[in-house]
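For the sequence shown, the working numbering assigns the number 16 to the initial residue and increments by one for each residue that follows.
Backbone N, C-alpha and C fix where the C-beta goes; we use that ideal spot for every residue, glycine too.
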Amino acid sequence: MKQFILGSLPPEAFLQSYWQKKPLLIRQAIPDFLSPLSADELAGLALEEDVESRIVLEKGETPWELRRGPFSEADFACLPPSHWTLLVQAVDHWVPGVHSLLDYFDFLPSWRLEDIMISYATDGGSVGPHYDHFDVFLIQAEGQRRWQVGPVYDATSPKLEDTDLHILSEFEVLQDYVLEPGDMLYLPPGIGHHGAAEGECMTISVGFRAPSHREILMQFTDFIADRLPESLRYSDPDQTLPEQKGEIDEKALDRLQKILKTHIEDRSMLAEWFGEMMTQPKHEQPLEEHWQSWEALKEEAEGIDLVLNEGSRLAFRQEKNHLTLFADGEAYECQSADAANLAQQMCQHSQLASDQWHFVVDNEARELLLRLINAGCIYPLFEAETED
């Protein structure tokens with residue numbers, strides 16, 4: 016059953032009027048919402064070595080003290096009774112119930128997703144007024160949080176000094192809301208906001224990837240450069256006598272621009288790089304199983320669905336004669352129709368029913384699924400074993 020999170024607002028209207036334009040508050044975006052994990056379970060994740068976590072104390076050893084995990088139970092035991100916040104990143108990678116929240120956001124490209132962060136805050140807990148460089152949907156999970164929303168800020172906006180947090184030193188309140196469980200606030204990039212817990216509360220933040228122009232230029236040019244032979248060099252067979260021997264003239268710049276355009280305007284190369292970059296996972300997923308052959312997989316996983324790993328990201332690019340699947344930063348060429356169809360099914364539904372894959376006869380499609388499983392991107396959904 017299709018899930019909606021925009022209330023009565025059609026997705027097309029949201030994209031046209033609000034997406035990357037202005038904030039939007041939706042009361043009871045998820046009616047009767049129950050948090051997919053408790054505060055204790057969130058704290059338990061923060062004890063793990065592989066989980067990225069932070070604690071912000073408004074009145075710590077220094078104002079707005081930032082502590083980084085992993086933490087210990089002793090770390091939590093010595094915290095003050097109020098005005099601190101625990102933030103745990105990429106909870107969707109570790110908790111299936113959190114990962115399932117992504118189904119609400121299928122009106123946006125899945126490759127735009129960054130991760131789901133969850134915060135727990137004691138009374139008055141906050142990370143200060145700030146702005147983000149990306150879109151974020153803030154879903155209230157438990158308790159109440161007051162959100163004050165301001166205008167657009169940027170790198171020139173004054174910040175507090177002597178703190179590792181990017182806190183605005185001057186913040187103008189334009190809107191003021193108290194969110195209850197199931198309420199959701201959408202904030203575009205650059206919009207200033209300040210959230211403070213009223214009593215204990217938990218907030219789920221669904222963030223979307225937005226690489227900076229600096230990242231795009233640096234990473235794409237590195238991607239291109241790694242594929243070019245040393246023999247390709249600057250050349251000037253049209254060189255004429257210079258008016259002054261030390262001058263870099265317009266013709267030299269024209270030659271350089273031509274070199275850059277030749278490579279940057281290659282859309283196939285651009286698509287390959289972008290697909291790999293936008294599906295790069297935040298964390299490596301441990302491999303629990305490895306199958307040497309299709310026959311071994313088919314026999315052991317008979318009647319079992321294949322599902323996308325909670326920490327994996329998929330995207331695809333359709334060319335004229337083939338499809339390229341991008342999975343966790345790797346590109347998989349799908350020349351056959353069966354392989355392309357399976358790739359699109361996984362991107363669309365994050366799952367393949369047993370009868371969708373078990374009877375596949377196309378060798379390329381079989382090889383694709385086997386490679387994705389052995390890379391840890393998808394896995395057979397075996398029922399959990401129980402002890403006698």
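Query: Spatial neighbours of E129 within its chain, please: CB distance less than 7 Å, with the 5 preceding and 5 following residues excluded, ordered by chain position.; Result: F149, G222, F223 and R224
Query: Roughly how many whole angstroms lie between the Cα atoms of P26 and F122?; Result: 6 Å
Query: Verify whether the separation of the beta carbon atoms of D320 and L383 is less than 8 Å.; Result: no
Query: In whole angstroms, what separates the C-alpha of L81 from that of Y135?; Result: 15 Å
Query: Quick check on the DSSP output: the alpha helix (DSSP H) that includes K379 runs from which residue to which?; Result: What sits at residue 379 in the sequence shown is Glu, not Lys. That run of the alpha helix (DSSP H) goes N378 to N389.
Query: Looking at the secondary structure, which residues open and close the alpha helix (DSSP H) in which C362 lies?; Result: A352 to H364
Query: Whether or not the segment 230-250 and the segment 198-209 are in contact is what I'm after, with contact meaning three or more pairs of Cβ atoms, one per stretch, closer than 8 Å; do they touch?; Result: no
Query: Since I believe N389 is in contact with W309 (beta carbons under 8 Å), could you give me their beta-carbon distance rounded to a whole number of angstroms?; Result: Actually they are not in contact, since the Cβ atoms of W309 and N389 sit about 11 Å apart, beyond 8 Å.
Query: By Cβ distance, which residues of its chain are closer than 7 Å to G214, with the 5 residues on each side in sequence left out?; Result: D138, G158 and Q159
Query: Three or more beta-carbon pairs under 8 Å between the segment 80-96 and the segment 334-341, yes or no?; Result: no
Query: Which one or two residues does DSSP pair with Y347 in a beta bridge?; Result: L340
Query: My assumption, with CB atoms under 8 Å, is that Q68 sits in contact with V103. Please give the rounded CB distance.; Result: Correcting the residue type first, residue 68 is Ser in the shown sequence and not Gln. Right, their Cβ atoms sit about 5 Å apart.
Query: Taking the alpha carbon of A286 as the point to measure from, which residue in L57, Y347 and Q155 has its own alpha carbon closest?; Result: Y347
Query: Between the alpha carbons of D253 and I231, how many angstroms are there, rounded?; Result: 33 Å
Query: Considering only their Cβ atoms, is the gap separating A61 from L101 smaller than 8 Å?; Result: yes
Query: Buried or exposed for T407, please, with buried defined as at least 16 other CB atoms from any protein chain shown within 10 angstroms of its CB.; Result: The displayed coordinates of the chain run from 16 to 403. Any statement about residue 407 would go beyond what the structure contains.
Query: How do the segment 185-200 and the segment 39-57 stand: do at least 3 beta-carbon pairs fall below 8 Å, yes or no?; Result: yes
Query: Ignoring anything shorter than 4 residues or poking outside the segment 106-187, list the alpha helix (DSSP H) runs there in chain order.; Result: 111-114
Query: The beta strand (DSSP E) that contains I393, what's its start and end?; Result: I393 to P395
Query: Who pairs with R332 in a beta bridge, going by DSSP?; Result: T339
Query: Quick check on I70: does DSSP put it in helix, strand or coil?; Result: strand
Query: What's the C-alpha gap between Q190 and P124?; Result: 29 Å
Query: Look at A156 and I70 and say whether their C-beta atoms are less than 8 Å apart.; Result: no
Query: For F374, count neighbouring C-beta atoms within 10 Å of its own C-beta (all shown protein chains included) and say buried if the count is 16 or more, exposed if not.; Result: exposed
Query: Please work out which residues of its chain come closer than 6 Å, Cβ to Cβ, to V151, disregarding the five sequence neighbours upstream and downstream, and give them in chain order.; Result: L202, S220 and G222
Query: Does DSSP classify E287 as helix, strand or coil?; Result: helix
Query: Taking DSSP as the reference, what is the three-state secondary structure of R242?; Result: coil
Query: Label E291 either buried or exposed according to how many other C-beta atoms from any shown protein chain fall within 10 Å of its C-beta, with 16 as the threshold for buried.; Result: buried
Query: Would you call the CB atoms of S327 and D353 closer than 8 Å?; Result: no
Query: Where T255 and Q234 are concerned, what is the direct C-alpha to C-alpha distance, given to the nearest angstrom?; Result: 36 Å
Query: Please report how far the alpha carbon of V113 lies from the alpha carbon of R270, in whole angstroms.; Result: 52 Å
Query: Please determine, among H108, W126, G143 and P144, the residue with the shortest C-alpha to C-alpha distance to I133.; Result: H108
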